[in-house]
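Please read the structure below before turning to the comments.
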Amino acid sequence: MGDFLARNWGSLASVVGLIFSFLAYVFSRRASKAAKEARDLVLSQSLGEDMNQGNRTASEIVTYVSMERGDVALLRAGELQNRTSHILARWSAKLSEQSKNNLLAMREQLRAITEVLTKTPLNTLGAHDKARLAQTCQRVNATYSEEYGAAVRAADRQV
């Protein structure tokens, strides 16, 4: 047996090396797949976080408008308009057409909100205009809530 090992040592070492190389390849493929899945999950969670922050800001705008705090509502509406543009630019590849359209529509509604709040103090708006402003703010809030839910649902599907 020792003589056999001595004569065929190089061939045996090559076969063992080939087996270990194949095993390393298999394990590296699995690790690569797991890393890609983990990356996708983190990105989905990050999209969910962006939507959640937008949802919270939209809710704050509704609150500030109802409290007639136009200055703070204007500030938050500007922030949300910027966040919406950020989400559209960053997550365009991950968003469905419907979500993109919803975000674009919200951005336009936020522009209208900021325009109203910039031109006229809330306490001088007529009842009809206040009601329209509040409804627009509620629509933005509801749409952000729906988009946050869609982002969470997409992340849940990946798990």
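With the sequence shown counted from 1, adding 179 to any position gets you this note's numbering.
For every residue, glycine included, the Cβ atom is placed at its ideal position computed from N, Cα and C.
Between which two residues does the alpha helix (DSSP H) holding residue i run?
i	result
R249	Looking at the sequence itself, residue 249 is Gly, so the reference to Arg does not match. Counting along the chain, the alpha helix (DSSP H) containing G249 begins and ends at G249 to R269.
L283	E276 to K298
Would residue i pass as a contact of residue j if the rule is Cβ separation under 7 angstroms?
i	j	result
A256	T297	no
Q260	L289	yes
M246	E326	no
G249	L301	yes
V244	Q317	no
Kindly indicate which residue of the options has the alpha-carbon position closest to the one of residue i.
i	options	result
R235	I198, R208, G328 and R336	G328
T263	R248, M246 and N320	N320
T315	L267, S211 and S238	S238
I266	A252, V195 and M285	M285
A291	W270, S275, A252 and L274	A252
D335	L304, E287 and E216	E216
Below 8 angstroms on the Cβ atoms is my contact criterion, and I expect residue i with residue j to pass it. Report the Cβ-Cβ distance as a whole number of Å.
i	j	result
L226	A330	5 angstroms
Y323	G233	5 angstroms
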